Amino acid sequence: MRLFPRRRPTPTPTPAPQATPQTWTPEGTTVTQRYLGLAGATVLVYSSGSLYFAASCLGCTYQAATDQELREAKAAELANAHAAQCRALPRGVPERPDDATAATIVRTRVRELQRYVDERHFTLDDFLADRVYLQRGRDWILAALIDLAEREPQVLKVTVGRPSESGNTYTYLTALPRQSCTTTSDWR
Ligand SMILES: [Zn+2]
Numbered sequence: 071m072r073l074f075p076r077r078r079p080t081p082t083p084t085p086a087p088q089a090t091p092q093t094w095t096p097e098g099t100t101v102t103q104r105y106l107g108l109a110g111a112t113v114l115v116y117s118s119g120s121l122y123f124a125a126s127c128l129g130c131t132y133q134a135a136t137d138q139e140l141r142e143a144k145a146a147e148l149a150n151a152h153a154a155q156c157r158a159l160p161r162g163v164p165e166r167p168d169d170a171t172a173a174t175i176v177r178t179r180v181r182e183l184q185r186y187v188d189e190r191h192f193t194l195d196d197f198l199a200d201r202v203y204l205q206r207g208r209d210w211i212l213a214a215l216i217d218l219a220e221r222e223p224q225v226l227k228v229t230v231g232r233p234s235e236s237g238n239t240y241t242y243l244t245a246l247p248r249q250s251c252t253t254t255s256d257w258r
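Each residue of the sequence shown is one higher than the one before, starting from 71 at the first, in the working numbering.
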């Protein structure tokens, strides 16, 4: 007969509280309104600190964002209209991507912002729709843009303005024209 040493029962670790779509706020944003879809999916209305808002459904792929320069009332109207006809089941909270995946989301957005012939100035508000999946704050996104501009100077230019009297620095983001790219091999 084998004798087993008496062990203290191992305490069951308390699971970390899980964010639910009903309470979850994407990192770096403020959720001001939530709407409930027909089958329980949550539609968020959120901003990242500027005047503009986005609407994003956590059940399906529906998004409305700043290329339409949405103010809160309009974003809420779109979110409500979407919730009234969205039959998607809740998908839970999107998983937070690792840094490399998040950098790819930033790069994909910049590529989409590029025009064929002209330069295009943009701001961090152009990433508002991405925030639900990006889950990064403004500083992280800006650092990713600076890194991208260093690695792919034919795609993006980042200019940090001189400090003004108020001490603020200004960052100018410019997506460069696609036709300035001399090689097509890296187009994806
Ligand atoms: Zn939906």
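Glycine included, every Cβ here is placed at the ideal spot set by N, Cα and C.
Note that the coordinates shown come from a computational prediction; the quantities given were computed from them, not determined experimentally.
Residues of its chain near residue i, where Cβ-Cβ distance is below 6 Å and the 5 sequence neighbours each way are ignored
i, result
"proline 96", "Arg201, Val202 and Gln205"
"threonine 244", "Glu189, His191 and Lys227"
"alanine 214", "Ala173 and Val176"
"threonine 136", "Tyr122, Asp195 and Leu198"
"tyrosine 132", "His152"
"tryptophan 94", "Val163"
DSSP three-state assignment for residue i, whether helix, strand or coil
i, result
"valine 163", "coil"
"arginine 258", "Unreliable positioning characterises arginine 258 in this predicted model, as indicated by a pLDDT of 47, which lies under 50. A coordinate reading is not provided."
"arginine 190", "strand"
"glutamine 133", "strand"
"alanine 125", "strand"
"arginine 179", "helix"
"asparagine 238", "coil"
"alanine 89", "coil"
"glutamine 155", "coil"
"threonine 171", "helix"
"alanine 199", "coil"
"glutamine 138", "helix"
"alanine 143", "helix"
"glutamine 249", "helix"
Straight-line Cα distance separating residue j from residue i
i, j, result
"glycine 110", "arginine 179", "29 Å"
"leucine 121", "glutamate 142", "8 Å"
"alanine 146", "leucine 114", "9 Å"
"alanine 154", "glutamine 184", "34 Å"
"glycine 231", "proline 223", "18 Å"
"leucine 128", "glutamate 182", "23 Å"
"leucine 106", "cysteine 156", "9 Å"
"tyrosine 242", "aspartate 168", "26 Å"
"glycine 237", "arginine 221", "29 Å"
"valine 225", "glutamine 138", "23 Å"
"cysteine 130", "glutamate 165", "15 Å"
"threonine 171", "tryptophan 210", "13 Å"
Residues that DSSP places opposite residue i in a beta bridge
i, result
"lysine 227", "Thr244"
"glutamine 103", "Val115"
"arginine 208", "Arginine 208 pairs with nothing; no bridge assigned."
"serine 120", "For serine 120, which the question treats as bridged, DSSP gives no partner whatsoever."
Neighbourhood of residue i by C-beta, 8 Å cutoff - its chain only, sequence neighbours within 5 removed
i, result
"serine 117", "Thr99, Thr100, Thr102, Phe123, Ala124, Glu142 and Leu198"
"arginine 208", "Gly98, Ser118, Gly119 and Leu194"
"threonine 239", "Val230, Gly231, Arg232 and Pro233"
"leucine 108", "Ala153, Ala154, Gln155, Cys156 and Arg157"
Nonlocal neighbours in the same chain, by C-beta distance under 7 Å from residue i, ignoring five residues either side
i, result
"alanine 134", "Ala124, Ala125, Leu140, Ala145 and Leu148"
"tyrosine 186", "Pro247, Arg248 and Gln249"
Any non-hydrogen atom of ligand 3 closer than 8 Å to residue i Cβ
i, result
"tyrosine 203", "For ligand 3, the structure offers nothing, since it holds only ligand 1."
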